[in-house]
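Before any comments, here is the structure.
There are 2 protein chains.
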Amino acid sequence: MRALAYFKKGDIHFADDLPEPTIENDEEVLIDVSWCGICGTDLHEYLDGPIFMPRDGGEHPLSGKRLPQPMGHEMSGIVSKIGSKVTKVKAGDHVVVEAGCSCLDIKRWENSSLKTNAACSACAKGMVNCCAHAGFTGLGVTGGGFAERVTVSQDHCVVIPKELPLDVAALVEPLSVTWHAAKIAGFQKGQTACVMGAGPIGLAAVLVLKGFGASKIVVSELASIRRDLASSLGVEVFNPAEHADAIEELRKIPVGQDGFDAAFDCSGVKATFDTALHVTTFRGVSVNVAIWGNKPIDYHPMDVTLKEKRLTGSIGYTVEDFREVVEAIHSGRIPLQDCRQLITGKQKLEDGWEKGFLELMNHKETNVKILLTPNNHNELNA
Amino acid sequence: MRALAYFKKGDIHFADDLPEPTIENDEEVLIDVSWCGICGTDLHEYLDGPIFMPRDGGEHPLSGKRLPQPMGHEMSGIVSKIGSKVTKVKAGDHVVVEAGCSCLDIKRWENSSLKTNAACSACAKGMVNCCAHAGFTGLGVTGGGFAERVTVSQDHCVVIPKELPLDVAALVEPLSVTWHAAKIAGFQKGQTACVMGAGPIGLAAVLVLKGFGASKIVVSELASIRRDLASSLGVEVFNPAEHADAIEELRKIPVGQDGFDAAFDCSGVKATFDTALHVTTFRGVSVNVAIWGNKPIDYHPMDVTLKEKRLTGSIGYTVEDFREVVEAIHSGRIPLQDCRQLITGKQKLEDGWEKGFLELMNHKETNVKILLTPNNHNELNA
Ligand SMILES: [Zn+2]
Ligand SMILES: [Zn+2]
Ligand SMILES: [Zn+2]
Ligand SMILES: [Zn+2]
Chain C
1 MRALAYFKKG DIHFADDLPE PTIENDEEVL IDVSWCGICG TDLHEYLDGP
51 IFMPRDGGEH PLSGKRLPQP MGHEMSGIVS KIGSKVTKVK AGDHVVVEAG
101 CSCLDIKRWE NSSLKTNAAC SACAKGMVNC CAHAGFTGLG VTGGGFAERV
151 TVSQDHCVVI PKELPLDVAA LVEPLSVTWH AAKIAGFQKG QTACVMGAGP
201 IGLAAVLVLK GFGASKIVVS ELASIRRDLA SSLGVEVFNP AEHADAIEEL
251 RKIPVGQDGF DAAFDCSGVK ATFDTALHVT TFRGVSVNVA IWGNKPIDYH
301 PMDVTLKEKR LTGSIGYTVE DFREVVEAIH SGRIPLQDCR QLITGKQKLE
351 DGWEKGFLEL MNHKETNVKI LLTPNNHNEL NA
Chain Y
1 MRALAYFKKG DIHFADDLPE PTIENDEEVL IDVSWCGICG TDLHEYLDGP
51 IFMPRDGGEH PLSGKRLPQP MGHEMSGIVS KIGSKVTKVK AGDHVVVEAG
101 CSCLDIKRWE NSSLKTNAAC SACAKGMVNC CAHAGFTGLG VTGGGFAERV
151 TVSQDHCVVI PKELPLDVAA LVEPLSVTWH AAKIAGFQKG QTACVMGAGP
201 IGLAAVLVLK GFGASKIVVS ELASIRRDLA SSLGVEVFNP AEHADAIEEL
251 RKIPVGQDGF DAAFDCSGVK ATFDTALHVT TFRGVSVNVA IWGNKPIDYH
301 PMDVTLKEKR LTGSIGYTVE DFREVVEAIH SGRIPLQDCR QLITGKQKLE
351 DGWEKGFLEL MNHKETNVKI LLTPNNHNEL NA
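Here the protein sequences come in this chain order: C and Y. Counting in full-length UniProt numbering, the final residue of the first sequence is number 382, and the numbers go up one at a time with none missing. Counting in full-length UniProt numbering, the final residue of the second sequence is number 382, and the numbers go up one at a time with none missing.
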């Protein structure tokens with residue numbers, strides 16, 4: 001099978017002889033991939049990995065599977081075959097794949113090193129996105145969507161209406177990350193929001209917050225090209241480098257509100273943490289959506305206490321978030337044309353390394369989301 | 001008038017010639033004080049102040065009033081006289097006084113330096129407990145309850161049922177601090193709670209959380225005398241010094257829950273901050289109820305993110321909290337006998353310095369709340 005795969009540390013390349021994925025389990029589904037987006041996490045896996053991927057020669061603890069494996073976890077496609085106990089989807093259905101894997105998936109894999117363990121306490125409480133053993137389809141648990149075909153459990157498939165374009169559907173995954181974050185924030189219609197960073201997650205947050213009915217969204221971003229991208233989505237932008245006291249200036253933007261109801265840190269550096277905390281108003285919430293290293297930052301408990309603010313964070317998503325995002329796009333609550341603005345490139349699998357990964361690493365700021373396709377159904381010319 | 005008053009930095013003493021408080025304003029109420037508790041803040045004002053008090057010779061920014069002034073902000077009493085526009089209370093009513101003062105009070109005082117200012121943004125939003133100019137009756141705004149009589153606005157009076165003992169009523173103030181915190185936490189019936197510290201606020205938190213219907217409350221406290229006090233309120237206690245990994249041991253106490261639903265930091269040191277953060281479960285909340293200095297502590301954003309926890313803080317209270325606490329005591333939701341356990345001493349105003357302030361400073365751990373009375377209605381022998 002043709003795929004763009006992770007072979008070992010520092011080696012991601014296209015090959016046409018990857019093993020065909022098969023239905024190993026009654027509840028699995030075989031999907032013809034249509035589109036799959038390249039994520040910052042994929043680049044990270046190349047530049048600093050293996051992080052989620054098994055180490056060279058080793059097994060993934062959840063699935064017991066080894067490298068090489070096709071990458072890609074932001075995928076849409078068409079079901080081609082189903083296992084004998086599958087009831088939730090049928091051949092021909094258009095689907096998106098919720099890529100998170102947890103203790104609840106272990107039963108699928110004979111060789112899982114966790115086979116005899118009880119579910120972790122997160123999974124026992126039904127919070128699978130916080131699973132202690134969390135992994136992702138396309139990041140080493142099993143092969144992902146930079147491939148002709150992929151096998152997933154029916155529990156991770158969300159059927160989408162056929163009129164919803166499959167390229168836009170590949171954005172459901174990053175939109176679900178920020179949809180989950182907006183729910184964690186308890187974000188309400190009519191509230192104001194500040195988004196730190198206009199990378200793919202920051203821009204996905206903008207789309208979601210528009211969908212949640214924000215009365216004002218301001219994106220704080222240093223790079224002018226990215227500010228322009230945010231502007232083109234119809235929201236206000238702010239350049240912190242232009243202001244001696246950027247936090248104070250940002251805070252003033254929601255006139256008479258003494259700050260924003262919510263702030264979303266989609267960058268994850270000390271400056272954006274401080275900004276997200278200080279630009280919120282009384283009882284406002286600051287949500288971390290970024291992945292941080294283990295270095296501590298300075299924190300003053302009175303910063304939240306005196307204004308009774310909340311500090312929280314959001315991790316991953318659930319299949320429920322996927323369903324809600326699909327519905328939001330289908331109903332127009334998140335407009336299709338806004339989604340399309342996030343797609344800055346479409347490439348064949350064969351060109352995925354050079355015109356996908358390398359393009360994103362070398363021209364980070366002009367790109368948001370590059371989608372790859374195996375072109376199973378002539379997607380590139382459709 | 002007889003009172004225990006703050007004269008100047010380092011000088012708190014009893015005197016019998018303090019000026020009589022009068023009704024300066026149509027909406028004010030004159031109260032014969034029954035009981036008034038000594039608070040850690042009062043000691044702090046002596047040891048490290050002036051903090052809330054005006055500096056020697058200066059005016060309080062909210063009221064324009066100067067020293068000396070009777071201290072005391074945890075008071076109950078009997079209304080003796082009312083201003084011509086007072087409708088909420090009448091002479092003879094038993095009341096407790098909500099001691100917080102904000103922008104909304106400025107209209108009472110001719111000499112306020114803030115007279116011509118607009119309300120601060122907290123007050124404009126109705127969050128008077130977060131007022132930028134917040135002050136307290138009995139802490140320099142106007143004279144407090146360590147006196148024969150006190151004048152307050154009707155808006156700060158909460159009428160209590162006559163069958164509710166006036167000594168217990170003096171505890172409504174500290175109970176309101178933690179009642180407010182439980183509401184900030186969104187604490188729900190049946191949830192589990194960990195309380196850091198068994199000082200007056202920690203013990204008040206225990207009473208409130210019992211009233212909220214906690215299924216389990218564990219108090220973590222180093223001092224054995226204070227653990228005994230907590231035990232006598234019928235909750236579990238924990239000595240962090242007895243465990244090599246105290247956080248892990250505490251977390252295990254709510255069996256199978258992977259930590260507590262809520263933690264209340266009533267101590268405010270790095271160890272209790274870390275404990276409160278780490279002993280909570282998925283989507284759990286850690287609430288700061290302590291007052292911290294300006295020194296930062298280390299914080300790792302992934303500590304909240306990976307379990308989608310919340311970090312927040314609670315400051316002060318509102319008159320609504322007072323009403324709810326009065327109702328909770330009256331209905332038995334907070335039992336009278338539990339409240340009485342917090343009262344470890346009752347003294348006359350004349351003895352308030354020696355048997356109140358000095359006793360608390362020298363025997364901190366054996367005392368919780370010492371109440372003072374001017375003995376207007378023979379309270380000490382009643
Ligand atoms: Zn991703
Ligand atoms: Zn799990
Ligand atoms: Zn107090
Ligand atoms: Zn105010």
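Glycine included, C-beta positions come from ideal geometry on N, C-alpha and C.
Those residues whose C-beta sits under 6 Å from the nearest heavy atom of ligand 4 are, from N- to C-terminal order along the chain, Y:S102, Y:C103, Y:A119, Y:C120, Y:A122, Y:C123, Y:C131, Y:A132 and Y:H133. Out of Y:H243, Y:I297 and Y:A262, the CA that lies nearest to the CA of C194 (chain Y) is found in Y:A262. With fewer than 16 other beta carbons inside 10 angstroms of its own, E20 (chain Y) counts as exposed. The straight-line gap separating the alpha-carbon atoms of R2 (chain C) and K189 (chain Y) is approximately 56 Å.
For F322 (chain Y), no beta strand (DSSP E) segment is defined; the enclosing uninterrupted segment is the alpha helix (DSSP H) at V319 to H330.
G356 (chain Y) and Q347 (chain Y) have their C-alpha atoms some 7 Å from each other. The Cβ of L250 (chain Y) sits no closer than 7 Å to any Cβ of chain C. Look at the segment 86-98 of chain Y: it has no residue with a C-beta under 9 Å from a C-beta of chain C. Chain-ordered, the residues whose CB falls short of 5 Å from any heavy atom of ligand 1 come out as C:C39 and C:T41. Residue pairing by DSSP places I343 (chain Y) opposite Y:K369 in a beta bridge.
Cβ-Cβ distances below 7 Å link A198 (chain Y) to V219, E221, R226, R227, L229 and A230 in the same chain, with the five nearest sequence neighbours on each side left out; the list follows chain order.
In the structure shown, E148 (chain C) falls within a coil segment according to DSSP collapsed to helix, strand and coil. The UniProt domain "Alcohol dehydrogenase-like N-terminal" (26-162) of chain C is shown to contain whole beta strand (DSSP E) runs of 3 or more residues at 28-37, 74-82, 94-97, 149-153 and 157-159, in chain order.
Neighbourhood of Y299 (chain Y) in chain C, by CB distance below 8 Å: P296, I297, D298 and Y299, in chain order. Taking 7 Å as the CB threshold, L311 (chain C) lines the interface with chain Y. The distance from the Cβ of H377 (chain C) to that of I78 (chain C) is about 7 Å, consistent with a contact at the 8 Å cut-off.
When only Cα atoms are considered, K252 (chain Y) and F136 (chain C) end up about 29 Å apart. The three-state secondary structure of T312 (chain C), taken from DSSP, is strand. According to the DSSP assignment, E236 (chain C) belongs to the beta strand (DSSP E) that extends over E236 to F238.
Note that the segment 320-329 of chain Y does not touch the segment 301-312 of chain Y; fewer than 3 beta-carbon pairs, one per stretch, sit closer than 8 Å.
Excluding the 5 residues flanking it on each side, S84 (chain C) has same chain C-beta neighbours closer than 7 Å at D26, in chain order. With contacts defined as CB atoms closer than 7 Å, N367 (chain C) and L360 (chain C) qualify as a contacting pair. When beta bridges are read from the DSSP output, A15 (chain Y) appears opposite Y:A3. Here H60 (chain C) has P54, G135, G140 and V141 as same chain residues with Cβ atoms under 7 Å from its own Cβ, once five neighbours each way along the sequence are excluded. Listed as beta-bridge partners of M196 (chain C) by DSSP are C:S220 and C:D265. Identification of residues in the segment 176-206 of chain Y having a C-beta nearer than 7 Å to some C-beta of chain C yields I184, given in sequence order.
Residue-level contact check: A122 (chain Y) touches chain C, since one or more beta carbons of chain C fall below 7 Å from its beta carbon. Exclusion of the five residues before and after I201 (chain C) leaves P174, V177, T178, C266 and V289 as the residues of its chain whose Cβ lies within less than 7 Å of its Cβ. It is roughly 24 Å from the alpha-carbon of A246 (chain C) to the alpha-carbon of I291 (chain C).
Membership of S286 (chain C) in the beta strand (DSSP E) is indicated by the continuous run T280 to N288. Residue contact check for F146 (chain C) against chain Y: no CB pair falls below 7 Å. Among the bridge pairs identified by DSSP, D298 (chain Y) is matched with C:D298. In this structure, G143 (chain C) sits near Q69 (chain C), with a CB-CB distance shorter than 7 Å. Within chain Y, P301, M302, V304 and T305 have C-beta atoms less than 9 Å from the C-beta of N288 (chain C), given in sequence order. Put simply, the backbone Cα of S121 (chain C) is about 15 Å away from that of H278 (chain Y). Contact residues of the segment 234-267 of chain Y toward chain C are D258 (C-beta to C-beta distance below 7 Å).
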